[in-house]
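Here the structure is laid out as structure tokens; the discussion comes afterwards.
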């Protein structure tokens with residue numbers, strides 16, 4: 001009785017890779033399931049069935065044109081290592097790379113364990129009081145809100161919930177901030193007009 005030798009997993013993977021590269025994909029006839037085109041190429045089609053050629057073992061296989069489960073079963077039975085690689089790539093495409101993919105134990109990866117953990121645990125920087133005040137001013141001006149909106153109880157609760165350590169300005173402070181913004185915009189407009197050689201004005205009557 002002859003003993004059948006099984007190639008190591010790495011050798012099998014290299015064998016599958018060389019087989020897939022050796023056989024080009026038919027550009028005119030392609031499988032209706034793009035994820036399997038790496039492993040099968042179309043030979044012929046009928047109204048209900050499709051005949052494919054396995055690009056690994058070079059064997060023909062006929063299957064229904066509707067589901068793709070038969071091709072998966074073929075890989076599971078004939079080429080389990082290829083199916084494992086297929087599932088791995090599909091999982092990465094759906095969920096993104098895993099932590100193990102990002103971190104190389106040997107140290108050759110550009111992303112270290114520390115940087116990966118830092119990215120996972122990082123938090124956005126706290127909003128400064130001055131930045132919050134300017135955002136409130138922009139909200140009131142652009143949306144034509146009443147100045148009293150900053151003293152509305154629900155508005156203040158909203159700001160405090162988003163930024164517990166912040167202080168919500170009162171109506172008087174809002175008016176002062178709007179006046180400052182007006183002066184800044186006016187100065188900017190004057191500076192721009194002074195640089196212009198000609199100015200065209202249009203007025204609606």
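In UniProt numbering, the protein residues as written are 1 to 205.
The beta carbon of each residue, even a glycine, is placed where N, CA and C say it ideally should be.
Buried/exposed call for residue i, threshold 16 Cβ in 10 Å
i, result
"residue 55", "buried"
"residue 82", "buried"
"residue 189", "exposed"
"residue 74", "buried"
"residue 180", "exposed"
"residue 7", "In this prediction, residue 7 scores a pLDDT of 48, lower than 50, which makes its location untrustworthy; the coordinate-derived value is nonetheless stated afterwards. Flag for residue 7 reads exposed."
"residue 177", "buried"
"residue 174", "buried"
Own chain, CB closer than 8 Å to residue i, minus 5 neighbours either side, in chain order
i, result
"residue 208", "There is simply no residue 208 to check, as the chain begins at 1 and stops at 205 in what is shown."
"residue 159", "132, 136, 166 and 168"
Bridge-paired residues (DSSP) for residue i
i, result
"residue 155", "Partner(s): none; residue 155 has no beta bridge."
"residue 44", "51"
Close-in-space but distant-in-sequence residues of the same chain around residue i (CB under 6 Å, 5 per side omitted)
i, result
"residue 39", "55"
"residue 187", "none"
"residue 197", "none"
"residue 207", "Because residue 207 is not part of the residues shown, which for the chain are 1 to 205, the question remains open."
The beta strand (DSSP E) enclosing residue i, as first and last residue numbers
i, result
"residue 250", "This structure cannot speak to residue 250, because the chain is shown only from 1 to 205."
"residue 62", "60 to 64"
Start-to-end residues for the alpha helix (DSSP H) that takes in residue i
i, result
"residue 173", "171 to 195"
"residue 129", "129 to 142"
"residue 69", "69 to 78"
Proximity test, residue i beta-carbon vs the ligand GDP heavy atom, cut-off 7 Å
i, result
"residue 185", "The ligand content of the structure shown is nil, which means the ligand GDP is not present either."
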